[in-house]
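Counted from 1, the sequence shown has number 147 at position 148 by numbering that gives the first Met the number 0; the numbering is strictly sequential.
The beta carbon of each residue, even a glycine, is placed where N, CA and C say it ideally should be.
Because the structure is a prediction, the values reported are computed rather than measured.
Inspection log for the structure reproduced underneath, given as C-alpha coordinates.
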Amino acid sequence: MERRIKLLYIITIVAILAFLGMQAYWLYGRYEFSLSEYDSYASAKIVEAVDNLGKLGKNRRVNWAEEDGEELAHRSNYNINHHTDSAGRKRITATIRSQKYFAHKLLGITERRELTPEESQRAALMVLENETLAETRRQSYDASNAPSDAAVWGAFERSEAEFLAPLTTGMVDSVLRMHGLDADIRLVVTDTMMWQPSVIHHASAVSPTTVISVPYSELECKSVVVTCHIPVSKIFHDMTGTLVVVALLSLFLIICLILQFATILKLSRLDRMRNSFITTMIHELKRPISTFKMCVSGLENKHMMEDQAVRKELLSETRNALDNLSAYFSRLRDITFNDVEQIPLNIRSVNLHELFESVAGATAVPSGKAVVIKNEIAPAVEVSADRTHLYNVVSNLVENAVKYSGPSVEITAEAAVDGANVVLRISDTGNGISPADLRHIFKRFYRGQASGGDQPGMGLGLAYARLLVEAHGGDISVASKEGEGTCFTIRLPQ
(Lines of atoms letter the chains of each structure in order from A and count residues from 1; the text may use other names and numbers.)
(Lines give C-alpha, C1' and ligand atoms only; values in the text may rest on other atoms or scores of the structure.)
Protein backbone atom coordinates (compact mmCIF):
# COMPACT_ATOMS: atom_id res chain seq x y z
CA MET A 1 0.00 0.00 0.00
CA GLU A 2 2.81 2.40 0.89
CA ARG A 3 4.46 1.71 -2.46
CA ARG A 4 1.21 2.52 -4.26
CA ILE A 5 0.83 5.77 -2.33
CA LYS A 6 4.40 6.75 -3.16
CA LEU A 7 3.84 5.89 -6.84
CA LEU A 8 0.59 7.88 -6.84
CA TYR A 9 2.41 10.80 -5.22
CA ILE A 10 5.05 10.75 -7.97
CA ILE A 11 2.39 10.45 -10.68
CA THR A 12 0.46 13.39 -9.18
CA ILE A 13 3.57 15.57 -9.11
CA VAL A 14 4.46 14.58 -12.69
CA ALA A 15 0.87 15.26 -13.82
CA ILE A 16 0.88 18.71 -12.23
CA LEU A 17 4.27 19.57 -13.74
CA ALA A 18 3.19 18.24 -17.16
CA PHE A 19 -0.02 20.25 -17.02
CA LEU A 20 1.84 23.41 -16.02
CA GLY A 21 4.36 22.77 -18.80
CA MET A 22 1.58 22.39 -21.37
CA GLN A 23 -0.10 25.56 -20.13
CA ALA A 24 3.19 27.44 -20.28
CA TYR A 25 3.81 26.16 -23.83
CA TRP A 26 0.29 27.15 -24.91
CA LEU A 27 0.63 30.60 -23.34
CA TYR A 28 3.98 31.09 -25.06
CA GLY A 29 2.38 30.15 -28.38
CA ARG A 30 -0.45 32.60 -27.70
CA TYR A 31 2.11 35.27 -26.82
CA GLU A 32 4.04 34.62 -30.05
CA PHE A 33 0.79 34.80 -32.02
CA SER A 34 0.02 38.19 -30.42
CA LEU A 35 3.52 39.40 -31.32
CA SER A 36 3.00 38.27 -34.93
CA GLU A 37 -0.34 40.08 -35.03
CA TYR A 38 1.37 43.24 -33.82
CA ASP A 39 4.09 42.69 -36.45
CA SER A 40 1.44 42.65 -39.17
CA TYR A 41 -0.38 45.65 -37.72
CA ALA A 42 2.81 47.72 -37.43
CA SER A 43 3.97 46.74 -40.92
CA ALA A 44 0.65 47.72 -42.49
CA LYS A 45 0.58 51.08 -40.69
CA ILE A 46 4.18 51.89 -41.63
CA VAL A 47 3.65 51.06 -45.32
CA GLU A 48 0.42 53.07 -45.29
CA ALA A 49 2.16 56.05 -43.64
CA VAL A 50 5.03 56.11 -46.16
CA ASP A 51 2.60 55.75 -49.07
CA ASN A 52 0.40 58.62 -47.83
CA LEU A 53 3.39 60.87 -47.24
CA GLY A 54 4.61 60.14 -50.76
CA LYS A 55 1.37 61.49 -52.20
CA LEU A 56 1.80 64.94 -50.65
CA GLY A 57 2.18 67.66 -53.26
CA LYS A 58 2.09 65.18 -56.16
CA ASN A 59 0.68 66.68 -59.39
CA ARG A 60 1.45 65.66 -62.95
CA ARG A 61 0.98 69.02 -64.57
CA VAL A 62 2.41 72.07 -62.87
CA ASN A 63 3.57 71.95 -59.23
CA TRP A 64 4.47 75.17 -57.43
CA ALA A 65 6.98 75.22 -54.61
CA GLU A 66 9.43 77.65 -53.04
CA GLU A 67 13.20 77.63 -53.39
CA ASP A 68 15.59 80.31 -52.10
CA GLY A 69 12.80 82.84 -51.66
CA GLU A 70 11.41 82.39 -55.20
CA GLU A 71 8.34 80.54 -56.35
CA LEU A 72 9.07 77.88 -58.95
CA ALA A 73 7.12 75.41 -61.01
CA HIS A 74 8.13 71.83 -61.72
CA ARG A 75 6.85 69.61 -64.51
CA SER A 76 8.08 66.12 -65.37
CA ASN A 77 7.68 63.75 -68.29
CA TYR A 78 8.28 60.02 -67.95
CA ASN A 79 9.38 57.40 -70.44
CA ILE A 80 9.97 53.63 -70.29
CA ASN A 81 12.22 52.05 -72.89
CA HIS A 82 12.51 48.28 -73.40
CA HIS A 83 15.67 47.21 -75.21
CA THR A 84 18.28 44.47 -75.42
CA ASP A 85 21.90 45.01 -74.38
CA SER A 86 24.99 43.70 -76.12
CA ALA A 87 24.79 40.42 -74.21
CA GLY A 88 21.25 39.82 -75.44
CA ARG A 89 19.62 40.52 -72.10
CA LYS A 90 16.35 42.43 -71.91
CA ARG A 91 16.75 45.77 -70.22
CA ILE A 92 14.35 48.48 -69.04
CA THR A 93 15.43 52.10 -68.94
CA ALA A 94 13.29 54.60 -67.05
CA THR A 95 13.78 58.24 -68.04
CA ILE A 96 12.53 61.33 -66.22
CA ARG A 97 12.57 64.70 -68.03
CA SER A 98 12.15 67.50 -65.50
CA GLN A 99 11.48 71.16 -66.22
CA LYS A 100 11.83 73.99 -63.72
CA TYR A 101 10.23 77.43 -64.09
CA PHE A 102 11.04 80.35 -61.79
CA ALA A 103 8.01 82.62 -61.51
CA HIS A 104 10.00 85.68 -60.44
CA LYS A 105 12.19 85.43 -63.52
CA LEU A 106 9.23 84.83 -65.84
CA LEU A 107 7.45 87.91 -64.53
CA GLY A 108 10.60 90.02 -64.31
CA ILE A 109 10.27 90.57 -60.57
CA THR A 110 13.65 91.28 -58.95
CA GLU A 111 12.59 91.77 -55.33
CA ARG A 112 12.17 88.78 -53.05
CA ARG A 113 8.54 88.72 -52.04
CA GLU A 114 5.55 86.45 -52.09
CA LEU A 115 3.61 86.55 -55.36
CA THR A 116 -0.01 87.50 -55.46
CA PRO A 117 -2.54 84.91 -56.68
CA GLU A 118 -2.92 86.82 -59.95
CA GLU A 119 0.87 86.78 -60.50
CA SER A 120 1.08 83.05 -59.80
CA GLN A 121 -1.75 82.36 -62.27
CA ARG A 122 -0.12 84.53 -64.97
CA ALA A 123 3.20 82.71 -64.47
CA ALA A 124 1.47 79.33 -64.79
CA LEU A 125 -0.09 80.34 -68.13
CA MET A 126 3.31 81.44 -69.40
CA VAL A 127 4.75 78.02 -68.47
CA LEU A 128 2.03 76.18 -70.33
CA GLU A 129 2.43 78.35 -73.45
CA ASN A 130 6.23 78.41 -73.71
CA GLU A 131 8.37 75.41 -72.62
CA THR A 132 11.61 77.08 -73.82
CA LEU A 133 11.54 79.26 -70.72
CA ALA A 134 12.20 76.23 -68.50
CA GLU A 135 15.41 74.72 -67.14
CA THR A 136 15.39 71.11 -68.33
CA ARG A 137 17.04 68.09 -66.66
CA ARG A 138 16.99 64.51 -67.85
CA GLN A 139 17.72 61.45 -65.68
CA SER A 140 17.79 57.79 -66.76
CA TYR A 141 17.64 54.75 -64.48
CA ASP A 142 18.22 51.06 -65.12
CA ALA A 143 14.93 49.50 -63.97
CA SER A 144 15.54 46.03 -65.37
CA ASN A 145 14.67 44.39 -62.04
CA ALA A 146 11.24 46.03 -61.93
CA PRO A 147 8.42 43.47 -61.64
CA SER A 148 6.27 45.29 -64.23
CA ASP A 149 5.85 48.50 -66.17
CA ALA A 150 3.09 49.52 -63.75
CA ALA A 151 5.61 49.39 -60.92
CA VAL A 152 7.93 51.71 -62.89
CA TRP A 153 5.12 54.19 -63.56
CA GLY A 154 4.37 54.22 -59.85
CA ALA A 155 8.07 54.80 -59.16
CA PHE A 156 7.98 57.85 -61.48
CA GLU A 157 5.22 59.42 -59.41
CA ARG A 158 7.00 58.71 -56.12
CA SER A 159 10.25 60.18 -57.46
CA GLU A 160 8.42 63.38 -58.42
CA ALA A 161 6.74 63.47 -55.00
CA GLU A 162 10.13 63.07 -53.34
CA PHE A 163 11.47 65.98 -55.39
CA LEU A 164 8.56 68.23 -54.43
CA ALA A 165 8.19 67.18 -50.78
CA PRO A 166 11.28 65.26 -49.59
CA LEU A 167 10.50 62.65 -46.98
CA THR A 168 11.98 63.23 -43.52
CA THR A 169 12.21 61.02 -40.44
CA GLY A 170 10.17 63.56 -38.49
CA MET A 171 7.29 63.27 -40.93
CA VAL A 172 7.23 59.47 -40.62
CA ASP A 173 7.62 59.58 -36.84
CA SER A 174 4.69 61.99 -36.38
CA VAL A 175 2.37 59.76 -38.41
CA LEU A 176 3.45 56.59 -36.59
CA ARG A 177 2.97 58.17 -33.19
CA MET A 178 -0.62 58.95 -34.16
CA HIS A 179 -1.08 55.16 -34.38
CA GLY A 180 0.72 54.53 -31.09
CA LEU A 181 3.85 53.06 -32.67
CA ASP A 182 7.24 53.59 -31.01
CA ALA A 183 9.95 53.29 -33.65
CA ASP A 184 13.47 54.28 -34.70
CA ILE A 185 13.47 55.67 -38.27
CA ARG A 186 16.32 55.88 -40.79
CA LEU A 187 16.41 57.04 -44.42
CA VAL A 188 18.85 54.92 -46.41
CA VAL A 189 20.08 54.57 -49.98
CA THR A 190 20.46 50.94 -51.04
CA ASP A 191 22.75 49.42 -53.68
CA THR A 192 19.88 48.11 -55.78
CA MET A 193 16.31 49.16 -56.47
CA MET A 194 13.82 47.83 -53.96
CA TRP A 195 10.27 47.36 -55.23
CA GLN A 196 8.43 45.76 -52.32
CA PRO A 197 8.47 46.38 -48.57
CA SER A 198 10.45 43.83 -46.57
CA VAL A 199 9.78 42.78 -42.98
CA ILE A 200 12.19 41.19 -40.52
CA HIS A 201 9.99 39.75 -37.80
CA HIS A 202 10.91 39.78 -34.12
CA ALA A 203 13.59 37.31 -33.07
CA SER A 204 13.38 37.86 -29.31
CA ALA A 205 10.36 37.25 -27.11
CA VAL A 206 11.78 39.39 -24.29
CA SER A 207 12.52 42.63 -26.18
CA PRO A 208 10.78 42.09 -29.51
CA THR A 209 11.41 44.48 -32.41
CA THR A 210 10.25 44.40 -36.02
CA VAL A 211 12.31 45.94 -38.82
CA ILE A 212 10.33 47.16 -41.86
CA SER A 213 12.02 48.53 -44.98
CA VAL A 214 9.73 50.50 -47.31
CA PRO A 215 10.93 52.00 -50.62
CA TYR A 216 9.69 55.57 -51.12
CA SER A 217 11.73 56.47 -54.24
CA GLU A 218 12.58 53.24 -56.02
CA LEU A 219 14.44 54.73 -58.98
CA GLU A 220 16.80 56.59 -56.63
CA CYS A 221 17.16 53.45 -54.41
CA LYS A 222 15.78 55.37 -51.42
CA SER A 223 14.09 53.48 -48.60
CA VAL A 224 12.89 54.21 -45.11
CA VAL A 225 13.95 51.64 -42.48
CA VAL A 226 11.70 51.55 -39.42
CA THR A 227 12.69 49.58 -36.32
CA CYS A 228 9.43 49.20 -34.42
CA HIS A 229 9.56 48.32 -30.73
CA ILE A 230 6.73 45.99 -29.80
CA PRO A 231 5.31 46.97 -26.37
CA VAL A 232 5.31 43.76 -24.31
CA SER A 233 3.15 45.41 -21.64
CA LYS A 234 0.43 46.07 -24.22
CA ILE A 235 0.60 42.46 -25.43
CA PHE A 236 0.15 41.19 -21.87
CA HIS A 237 -2.64 43.71 -21.30
CA ASP A 238 -4.45 42.37 -24.35
CA MET A 239 -3.92 38.83 -23.02
CA THR A 240 -5.24 39.65 -19.54
CA GLY A 241 -8.49 37.76 -20.03
CA THR A 242 -6.70 34.69 -21.35
CA LEU A 243 -4.12 34.78 -18.54
CA VAL A 244 -6.81 35.07 -15.85
CA VAL A 245 -8.85 32.18 -17.28
CA VAL A 246 -5.76 29.96 -17.65
CA ALA A 247 -4.55 30.82 -14.13
CA LEU A 248 -7.95 30.08 -12.56
CA LEU A 249 -8.35 26.86 -14.54
CA SER A 250 -4.83 25.73 -13.66
CA LEU A 251 -5.36 26.57 -9.99
CA PHE A 252 -8.67 24.70 -9.97
CA LEU A 253 -7.18 21.56 -11.56
CA ILE A 254 -4.11 21.63 -9.31
CA ILE A 255 -6.33 21.99 -6.23
CA CYS A 256 -8.44 19.07 -7.46
CA LEU A 257 -5.32 16.91 -7.87
CA ILE A 258 -4.02 17.91 -4.45
CA LEU A 259 -7.39 17.26 -2.79
CA GLN A 260 -7.63 13.92 -4.56
CA PHE A 261 -4.19 12.93 -3.32
CA ALA A 262 -4.96 14.24 0.19
CA THR A 263 -8.16 12.16 0.22
CA ILE A 264 -6.24 9.06 -0.80
CA LEU A 265 -3.67 9.74 1.93
CA LYS A 266 -6.46 10.18 4.46
CA LEU A 267 -8.09 6.92 3.39
CA SER A 268 -4.73 5.19 3.59
CA ARG A 269 -4.17 6.62 7.07
CA LEU A 270 -7.64 5.48 8.12
CA ASP A 271 -6.87 2.03 6.76
CA ARG A 272 -3.66 1.90 8.80
CA MET A 273 -5.51 3.11 11.89
CA ARG A 274 -8.19 0.48 11.35
CA ASN A 275 -5.60 -2.26 11.10
CA SER A 276 -3.81 -0.90 14.17
CA PHE A 277 -7.13 -0.66 16.02
CA ILE A 278 -8.00 -4.26 15.22
CA THR A 279 -4.52 -5.48 16.18
CA THR A 280 -4.59 -3.58 19.46
CA MET A 281 -8.12 -4.71 20.25
CA ILE A 282 -7.12 -8.32 19.70
CA HIS A 283 -4.10 -7.76 21.92
CA GLU A 284 -6.19 -6.15 24.66
CA LEU A 285 -8.86 -8.86 24.53
CA LYS A 286 -6.38 -11.72 24.56
CA ARG A 287 -5.19 -10.91 28.08
CA PRO A 288 -8.56 -11.22 29.87
CA ILE A 289 -9.50 -14.20 27.71
CA SER A 290 -6.25 -15.92 28.68
CA THR A 291 -7.01 -15.15 32.31
CA PHE A 292 -10.51 -16.60 31.93
CA LYS A 293 -9.14 -19.75 30.34
CA MET A 294 -6.64 -20.14 33.16
CA CYS A 295 -9.36 -19.66 35.75
CA VAL A 296 -11.68 -22.14 34.03
CA SER A 297 -8.86 -24.66 33.93
CA GLY A 298 -8.34 -24.09 37.65
CA LEU A 299 -12.04 -24.56 38.35
CA GLU A 300 -11.93 -27.94 36.60
CA ASN A 301 -9.13 -29.07 38.93
CA LYS A 302 -10.69 -30.53 42.12
CA HIS A 303 -7.47 -30.35 44.11
CA MET A 304 -7.07 -26.64 43.35
CA MET A 305 -10.71 -25.93 44.23
CA GLU A 306 -10.26 -27.64 47.61
CA ASP A 307 -7.50 -25.11 48.41
CA GLN A 308 -9.32 -22.00 49.68
CA ALA A 309 -6.36 -19.69 49.02
CA VAL A 310 -5.97 -20.85 45.41
CA ARG A 311 -9.70 -20.59 44.77
CA LYS A 312 -9.77 -17.10 46.23
CA GLU A 313 -6.82 -16.08 44.03
CA LEU A 314 -8.50 -17.49 40.90
CA LEU A 315 -11.70 -15.62 41.65
CA SER A 316 -9.71 -12.42 42.25
CA GLU A 317 -7.87 -12.82 38.94
CA THR A 318 -11.17 -13.43 37.17
CA ARG A 319 -12.73 -10.36 38.77
CA ASN A 320 -9.73 -8.19 37.81
CA ALA A 321 -9.85 -9.47 34.25
CA LEU A 322 -13.56 -8.68 34.05
CA ASP A 323 -12.95 -5.21 35.49
CA ASN A 324 -10.21 -4.55 32.96
CA LEU A 325 -12.40 -5.79 30.13
CA SER A 326 -15.31 -3.67 31.33
CA ALA A 327 -13.04 -0.60 31.60
CA TYR A 328 -11.71 -1.23 28.12
CA PHE A 329 -15.20 -1.38 26.63
CA SER A 330 -16.19 1.72 28.59
CA ARG A 331 -13.24 3.54 27.10
CA LEU A 332 -14.26 2.49 23.59
CA ARG A 333 -17.82 3.58 24.29
CA ASP A 334 -16.84 6.98 25.69
CA ILE A 335 -14.42 7.80 22.89
CA THR A 336 -17.23 7.44 20.34
CA PHE A 337 -19.31 10.22 21.93
CA ASN A 338 -19.37 13.40 19.84
CA ASP A 339 -20.40 15.55 22.81
CA VAL A 340 -18.80 15.41 26.26
CA GLU A 341 -22.24 15.99 27.78
CA GLN A 342 -23.28 12.54 26.55
CA ILE A 343 -20.75 10.80 28.83
CA PRO A 344 -22.50 9.54 31.99
CA LEU A 345 -20.76 10.72 35.17
CA ASN A 346 -21.16 9.57 38.76
CA ILE A 347 -19.89 12.64 40.60
CA ARG A 348 -18.70 12.22 44.18
CA SER A 349 -15.84 13.35 46.37
CA VAL A 350 -12.56 11.67 45.41
CA ASN A 351 -9.37 11.75 47.48
CA LEU A 352 -6.56 12.35 44.98
CA HIS A 353 -3.84 10.97 47.27
CA GLU A 354 -5.64 7.63 47.62
CA LEU A 355 -6.56 7.60 43.92
CA PHE A 356 -2.95 7.98 42.84
CA GLU A 357 -1.83 5.32 45.33
CA SER A 358 -4.30 2.92 43.69
CA VAL A 359 -2.97 3.78 40.24
CA ALA A 360 0.65 3.37 41.35
CA GLY A 361 -0.09 0.01 42.93
CA ALA A 362 -1.83 -1.29 39.80
CA THR A 363 0.79 -0.06 37.33
CA ALA A 364 2.63 -2.89 35.60
CA VAL A 365 6.38 -2.39 35.48
CA PRO A 366 8.24 -4.16 32.63
CA SER A 367 11.10 -6.38 33.68
CA GLY A 368 14.49 -4.73 33.42
CA LYS A 369 13.12 -1.20 33.86
CA ALA A 370 13.59 0.90 37.00
CA VAL A 371 10.41 2.85 37.72
CA VAL A 372 10.10 5.22 40.69
CA ILE A 373 6.61 6.60 41.38
CA LYS A 374 6.37 9.48 43.86
CA ASN A 375 3.05 10.49 45.37
CA GLU A 376 3.51 14.06 46.61
CA ILE A 377 -0.21 14.81 46.81
CA ALA A 378 -1.33 15.96 50.24
CA PRO A 379 -3.64 13.41 51.90
CA ALA A 380 -6.40 15.97 52.38
CA VAL A 381 -6.74 17.07 48.74
CA GLU A 382 -10.10 16.05 47.33
CA VAL A 383 -12.05 16.82 44.16
CA SER A 384 -15.61 16.27 42.96
CA ALA A 385 -15.38 13.82 40.06
CA ASP A 386 -16.31 10.43 38.68
CA ARG A 387 -13.77 8.20 40.40
CA THR A 388 -13.70 5.55 37.66
CA HIS A 389 -13.15 8.04 34.87
CA LEU A 390 -10.58 10.04 36.82
CA TYR A 391 -8.78 6.80 37.69
CA ASN A 392 -8.65 5.93 33.99
CA VAL A 393 -7.23 9.37 33.14
CA VAL A 394 -4.45 9.20 35.74
CA SER A 395 -3.73 5.55 34.94
CA ASN A 396 -3.37 6.38 31.26
CA LEU A 397 -0.86 9.15 31.98
CA VAL A 398 1.20 6.94 34.29
CA GLU A 399 1.18 4.04 31.81
CA ASN A 400 2.38 6.37 29.04
CA ALA A 401 5.18 7.63 31.29
CA VAL A 402 6.33 4.06 31.88
CA LYS A 403 5.89 3.03 28.27
CA TYR A 404 7.69 5.97 26.60
CA SER A 405 10.84 6.18 28.68
CA GLY A 406 14.32 4.75 28.86
CA PRO A 407 15.73 2.08 31.22
CA SER A 408 14.73 4.20 34.21
CA VAL A 409 12.03 6.79 34.84
CA GLU A 410 10.75 8.82 37.76
CA ILE A 411 7.04 9.71 37.87
CA THR A 412 5.79 12.38 40.27
CA ALA A 413 2.22 13.39 41.14
CA GLU A 414 1.39 16.74 42.73
CA ALA A 415 -1.91 18.45 43.49
CA ALA A 416 -3.00 21.80 44.87
CA VAL A 417 -6.15 23.85 45.31
CA ASP A 418 -6.18 26.95 43.10
CA GLY A 419 -9.23 29.04 43.93
CA ALA A 420 -12.30 27.20 42.70
CA ASN A 421 -10.18 24.58 40.93
CA VAL A 422 -7.99 21.64 41.83
CA VAL A 423 -4.79 21.38 39.80
CA LEU A 424 -3.25 17.92 39.37
CA ARG A 425 0.21 17.60 37.82
CA ILE A 426 1.78 14.33 36.71
CA SER A 427 5.36 14.67 35.49
CA ASP A 428 8.00 12.20 34.39
CA THR A 429 11.66 12.09 33.35
CA GLY A 430 11.00 10.07 30.22
CA ASN A 431 11.79 10.63 26.56
CA GLY A 432 9.69 13.75 26.17
CA ILE A 433 7.51 14.71 23.20
CA SER A 434 8.75 16.42 20.04
CA PRO A 435 7.31 19.87 19.16
CA ALA A 436 5.85 18.39 15.96
CA ASP A 437 3.87 15.79 17.95
CA LEU A 438 2.95 18.12 20.80
CA ARG A 439 0.24 19.87 18.73
CA HIS A 440 -1.51 16.61 17.85
CA ILE A 441 -1.21 14.26 20.83
CA PHE A 442 -4.80 14.88 21.99
CA LYS A 443 -6.26 13.92 18.59
CA ARG A 444 -7.99 10.60 18.16
CA PHE A 445 -5.88 7.79 16.70
CA TYR A 446 -2.79 10.03 16.56
CA ARG A 447 0.44 8.23 17.37
CA GLY A 448 3.60 10.30 17.57
CA GLN A 449 7.08 9.57 16.32
CA ALA A 450 8.09 8.19 19.69
CA SER A 451 5.37 5.53 19.41
CA GLY A 452 6.77 4.15 16.19
CA GLY A 453 5.80 0.56 15.72
CA ASP A 454 7.42 -0.78 18.89
CA GLN A 455 4.65 0.05 21.36
CA PRO A 456 1.12 -1.32 21.01
CA GLY A 457 -1.73 1.15 21.10
CA MET A 458 -4.51 2.79 19.13
CA GLY A 459 -3.68 6.44 19.73
CA LEU A 460 -6.83 6.85 21.84
CA GLY A 461 -5.37 7.21 25.34
CA LEU A 462 -4.74 10.96 25.48
CA ALA A 463 -7.82 11.74 23.38
CA TYR A 464 -9.82 9.69 25.89
CA ALA A 465 -8.16 11.51 28.81
CA ARG A 466 -9.00 14.95 27.39
CA LEU A 467 -12.57 13.85 26.65
CA LEU A 468 -13.11 12.75 30.26
CA VAL A 469 -11.48 15.87 31.72
CA GLU A 470 -13.66 18.11 29.55
CA ALA A 471 -16.71 16.08 30.56
CA HIS A 472 -15.93 17.18 34.13
CA GLY A 473 -15.79 20.82 32.98
CA GLY A 474 -12.00 20.96 33.26
CA ASP A 475 -9.06 21.11 30.90
CA ILE A 476 -5.78 19.29 30.35
CA SER A 477 -2.51 20.72 29.02
CA VAL A 478 0.99 19.44 28.42
CA ALA A 479 4.53 20.81 28.56
CA SER A 480 7.40 18.71 27.31
CA LYS A 481 11.01 18.81 26.20
CA GLU A 482 12.65 16.02 24.28
CA GLY A 483 15.18 14.10 26.34
CA GLU A 484 14.08 15.69 29.63
CA GLY A 485 10.48 14.64 30.26
CA THR A 486 6.83 15.62 30.18
CA CYS A 487 4.37 17.27 32.55
CA PHE A 488 0.58 16.95 32.18
CA THR A 489 -1.57 19.48 34.06
CA ILE A 490 -5.22 18.66 34.80
CA ARG A 491 -7.44 21.46 36.09
CA LEU A 492 -10.81 20.37 37.52
CA PRO A 493 -13.52 22.53 39.13
CA GLN A 494 -14.26 21.94 42.83
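- K44 is classed as buried because its beta carbon has at least 16 other beta carbons within 10 Å across all chains shown.
- Within the same chain, Cβ atoms closer than 6 Å to the Cβ of E159 are found at S75, the five residues on either side in sequence being excluded.
- Judged by pairs of C-beta atoms under 8 Å, the stretch 252-263 does not touch the stretch 228-236, as fewer than three such pairs exist.
- Between the alpha carbons of I489 and L396 lies a gap of roughly 11 Å.
- In this structure, V421 sits away from V477, with a CB-CB distance that is not shorter than 8 Å.
- The C-alpha of I346 lies about 18 Å from the C-alpha of A379.
- Distance between L298 and P365, taken at the CA atoms: about 29 Å.
- With a beta-carbon spacing of about 5 Å, T208 and H228 fall inside the 8 Å limit used to define contacts.
- By the Cβ-count criterion, S357 is exposed, with fewer than 16 other Cβ atoms from all chains shown falling within 10 Å of its own Cβ.
- Two segments are said to touch when three or more pairs of C-beta atoms, one from each, lie closer than 8 Å; by this definition the stretch 34-53 touches the stretch 171-178.
- According to the DSSP assignment, N420 belongs to the beta strand (DSSP E) that extends over 420-427.
- A residue is called buried once 16 or more other Cβ atoms fall within 10 Å of its Cβ, and H439, having fewer, is exposed.
- Partner residues in the beta bridge of R185, as assigned by DSSP, are V224.
- When the Cα atoms are used, R136 and M192 turn out to be separated by approximately 22 Å.
- Residue pairing by DSSP places I372 opposite I410 in a beta bridge.
- At a Cβ-Cβ threshold of 8 Å, F487 and R465 do not count as neighbours.
- For secondary structure counted as the beta strand (DSSP E) over 3 or more consecutive residues, the stretch 188-271 holds these complete runs in sequence order: 197-199, 208-216, 221-228.
- The beta carbons of S479 and G431 sit closer together than 8 Å.
- Sequence-distant partners of I199 (beyond 5 residues in either direction) whose C-beta falls short of 6 Å from its own C-beta, in its chain, are V210.
- By a beta-carbon distance limit of 8 Å, M170 does not contact L34. Their separation comes to about 27 Å.
- The shortest C-alpha to C-alpha distance from T411 to any of T428, A419, N399 is the one to T428.
- In this structure, A462 sits away from L344, with a CB-CB distance that is not shorter than 8 Å.
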